[in-house]
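Asks: For the sequence shown, the working numbering begins at 3 and goes up steadily by one.
Yeah, the Cβ is synthetic: ideal placement off N, Cα and C, and Gly gets one too.
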Amino acid sequence: MITKINLLFIGDVVGEDALGFLRDNLEILRTKYKSNFIVVNGENIKEGKGITDVEANMLFANGVNVITTGNHVWDNWKARPLLTRDSRVLRPLNYPPNNPGFGYTIIDLEPQTSIAVMQLQGRSLMSPIDCPFRTADYFLKSIREKTQNIILDFHAETTSEKIALAWYLDGKVSAMIGTHTHIQTNDAQILPNGTAYITDVGMTGPYNSVIGMNKDTSIKRFLLQTPQKFELAKGDLRICGANVEIDTLTHQAMSIQQFTYPEFQKVAFM
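#1: Which one of GLN186, GLU159, ILE165 has the shortest CA to CA distance from MET178?
#2: Among GLN260, SER116, ILE53, LYS148, which residue has its Cα nearest to the Cα of ASN78?
#3: Could you give the first and the last residue of the continuous beta strand (DSSP E) run that contains ASN245?
#4: Run through the stretch 25-76 for me and flag every whole alpha helix (DSSP H) of 4 or more residues, listed as ranges in chain order.
#5: Might you give, ordered along the chain, the residues of its own chain that have their beta carbon closer than 8 Å to the beta carbon of ASN59, omitting 5 neighbours on each side?
#6: Are the CB atoms of ALA190 and ILE258 within a distance shorter than 8 Å?
#7: Would you check if the stretch 92-100 and the stretch 11-22 touch, i.e. whether three or more CB-CB distances between them fall below 8 Å?
#8: Go through its chain and collect everything with a Cβ distance to SER126's Cβ below 8 Å, but skip five positions before and after it.
#9: Only counting runs of 3 or more residues, tell me where the beta strand (DSSP E) segments fall wholly within the stretch 121-186, in order along the chain.
#10: Quick check for students: name the residue ranges of the beta strand (DSSP E) that lie wholly in the stretch 196-227, counting only runs of 3 or more.
#11: Please state the DSSP three-state secondary structure of GLU112.
#12: Could you spell out where the beta strand (DSSP E) holding THR5 opens and where it closes?
#13: Checking the sheet assignment: what are the DSSP bridge partners for LEU92?
#14: Please report whether the beta-carbon of LYS268 lies at a distance below 8 Å from any beta-carbon of chain B.
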């Protein structure tokens, strides 16, 4: 029986270059953290918006177990057949009924050990979809009957909504990982009832950018206050993520460690 799950959670992958960089370096991270379960947020892979079979298959071929997404997955129509067909590719659970796709999946690691991954989306400064708090309550009842090892990707804009949901679900999920803003926060922690938490795990993508987009175009948008054509940035690729150790007997997190690979330069060149 597996007594510990070493979760490797990779933050929002932005663009095909970032996907290739992740593919080339995933084994390094897997070895370092002794990972036996990998989740990747892939909502921004295909030209910055959405994901298709090609990108999903590349991730699965390199050992990824589950792909989460978010609001931008709907921007690419080619994502919808994938969402409909493959329960390992998730979209937020609290979108209205009749949207394609799955909001959670349960993976068997061995006959006696399974793990659930679910995804919710926030409503603060985002679309007014169904309440993530009530949606979590409703679905966790049935999920916990099958497994109590539960990972939640909360795809949300505001820090307050993220930490509020974390406190609300402390002890009900093994880990709650925030995604969406592309900026990693410095608050990885274990909450009092055993839930691992980080407000935002960050971006896997080009850091010579404004959250993955061409910085000159982004600056122009702020200066002129008019729409500009967003373009993916190039260069300075990095992987942001978190490693979470989960005790499969208590279903609580034992540790959480955020990381950036490679790390940022923090001392000026002389």
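Replies: Working from what's here:
#1: Closest by alpha carbon: ILE165.
#2: Cα-wise, what sits closest to ASN78 is ILE53.
#3: For ASN245, the uninterrupted beta strand (DSSP E) segment begins and ends at 239-249.
#4: Listed in chain order, they are 55-63.
#5: Contacts found: none.
#6: Between ILE258 and ALA190, the gap from beta carbon to beta carbon is short of 8 Å.
#7: Touching, no.
#8: Non-local C-beta neighbours of SER126 in its own chain, meaning closer than 8 Å and more than five positions away in sequence, comprise ALA158, GLU159, THR160, SER162, GLU163, ordered along the chain.
#9: Qualifying beta strand (DSSP E) stretches, in chain order: 152-157, 177-181.
#10: For secondary structure counted as the beta strand (DSSP E) over 3 or more consecutive residues, the stretch 196-227 holds these complete runs in sequence order: 198-200, 205-208.
#11: Strand, per DSSP.
#12: In the DSSP annotation of this structure, THR5 is not part of any beta strand (DSSP E), being labelled neither H nor E.
#13: Bridge partners of LEU92 according to DSSP: PHE104.
#14: Going by chain labels, chain B is absent from the structure shown, which holds only one protein chain.
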